[in-house]
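See below for the structure under consideration.
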Amino acid sequence: MSKYRRVRAYTVLRSPAVTRFFVRLLSKEPVKGIVDTNLFIGRAYGQAITLAGGIPAGASGSPVFRGKKILGAVSYLLGGDPFLVGITPQAEMLALASEPHGPTGAAGAEQLPQIKSNIGLPVGNGFTSDAAKKKLAQRFGGLLCAGASPKYSRCSKQFFPGSPVGAAMMIGDLRLGFIGTVTWVNQSEVFAFGHPLLYAGPCQYPLTTATIITTARGYYPNKLAVLGEVAGTVLQDRAAGIYGRLGQMPAGLVAVTLEVSDEDRKVTKKNNVQVIHNAAELPFLVYVAALETMAQAMNRTGPGTANWQWIIYMVGLAEPVVWSTVQYSFYNIGSDVASSIFPLLEEPLRMGMQVVSVSLTAKVVMAEQVEET
C-alpha cells in the first residue's frame, strides 16, 4: 500500500482508553459535492473497528494523521457502509476560528434539517419517560438516552485529539446535546466533529466533557455516552464542524424552571435546566423538558385536569408574559400542558426577541374538574 493511502485515526470506544484504527484513503485529494464541505474518502479498518461493526456514532471528529501531520477528521459514513468514511480536511476546520461572530441564535423558527450521514451522537441524560424519548428521537434521529449520572467517575476533564467531547443544548437536571470526538486543540481552542450540529453559524453552546461508557456493537454501532461538566463554549457551528474555547462560559442561556404536582399521588417534581437560545430549537427544548417533568410527576400518560401557568421574561419587556389556564384532556394532559409553550415562544422568536427565562407551575389530577361557564 502506498505511503499516502494508509493513515491512522484515534477515538475512544470506552473511557478513558484511546483506540487507534486505520483508514485506507481512496482519494488523493478532497472530493467536492458530497456534502457542504470537501471530503477525503477512505475505508476504515483495524481490529477494534472491525469488532465493533464499523465506525460508531460518536466518533465524528476522530483525528486522522498522515505521519506526524494531521489530515482531518472522520466525519461521515458514506453510501450506507459503516466502514466507508468521509474525512473533513483539517484546513477547513481550522478556518472556523476566522468565521465572523455575529448574533447568535439567528436561525429561523423552522427546524433545521439534520444531516443523516454524519456520525455525531445525539444523547440525552436524565430523560426517563417514553413520551419524551420518543419526541427526542423524532427530532434528532435515533437519540440514545443514557441514564447514567453526568458525574460519571470516568469523565475526563482533559481535551486532546481523540478524546470525547460534548456540545450541549440543555444542561442542568436534564441534559441534551451531541457527543463527538476532539480533532485538534490549540491552547484554549477546540475543533471537533467535522460536520455541523444545528448549522447555526455563530453560537453559544455549552462545550462539555464526555464519557464513553462502552460502544454497542452491530452493523451501525454507537457509543453509549454521557455529557459531563461544562468546560467552555462552542462559538461556531458550520459545515466543517464546531469551534470552541475552553474556560469561556456560554452567554445567553435561557433559565427554565419546571414544577409539576400530581395531587392524586401527592408527588411534586422539579427540574431546573438551562437551554441554548436558538430560535429553531428553543421552543422544542422547553417543551420536551416540560413533557419529561409532567411524566415524572404523573408516572403515567393519559387523561386528566391540569391547572398551569407559564411565566416568560424577555429582554426589552418591563413585565413578564404570563399565561395560565385550566383544562381537561381526554387523551394526554401531559402533552397538552407541555405543548402550550409553542405559541408563547414562537411568535416572539420570529420577531427577534431575546428570551431570558421560562417557568412552568402545574397541578394535575386524573378527574375532570373544569368548571362549566
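Reminder that position 303 of the sequence shown reads as 302 in numbering that gives the first Met the number 0, one-by-one numbering, no gaps. Glycine is no exception: its CB is placed at the ideal position from the N, C-alpha and C atoms. Predicted model only: the values in this text are computed from it and were never measured.
Endpoints, alpha helix (DSSP H) assigned at F139: 129-139
Beta strand (DSSP E) segment containing V63, residue limits: 61-65
Beta carbon proximity, K269 to chain B, threshold 8 Å: Protein chain content of the structure displayed is limited to a single chain, and chain B is not contained in it.
At least three beta-carbon pairs within less than 8 Å, the region 201-209 to the region 261-272: no
Buried/exposed call for M248, threshold 16 Cβ in 10 Å: exposed
DSSP three-state assignment for A106, whether helix, strand or coil: With a pLDDT of only 45 at A106, under 50, the local geometry of the prediction cannot be trusted, and the value read off the model is given with reservation. Looking at A106 - three-state DSSP - the assignment turns out to be coil, as it is neither helix nor strand.
Element boundaries [alpha helix (DSSP H), containing P342]: 340-349
Spatial distance of L257 from T208 (CA atoms): 26 Å
Secondary structure of E262, DSSP reduced to three states: coil
At least 3 beta-carbon pairs within less than 8 Å: the region 24-33 vs the region 176-184: no
Short Cβ contact (8 Å threshold) for V253 with V321: no
Expected contact under 8 Å - CB spacing of G303 and V364 to nearest Å: 6 Å
Residue interval of the alpha helix (DSSP H) (run including V374): Within the shown structure, residues of the chain are numbered from 0 to 372, placing residue 374 beyond reach of any answer.
Buried or exposed (CB count within 10 angstroms, at least 16 for buried), K156: exposed
C-alpha distance - V73 paired with G161, whole-angstrom precision: 11 Å
Neighbour-count burial assignment, F158, 16 or more Cβ in a 10 Å radius: buried
Cutoff 6 Å; reference T360; Cβ partners in own chain excluding five residues on either side: E258, Q308
G78 to V84 span [Cα, whole Å]: 9 Å
Residues near F21 by beta carbon distance below 6 Å, same chain, minus five either side: R7, Y44, G45
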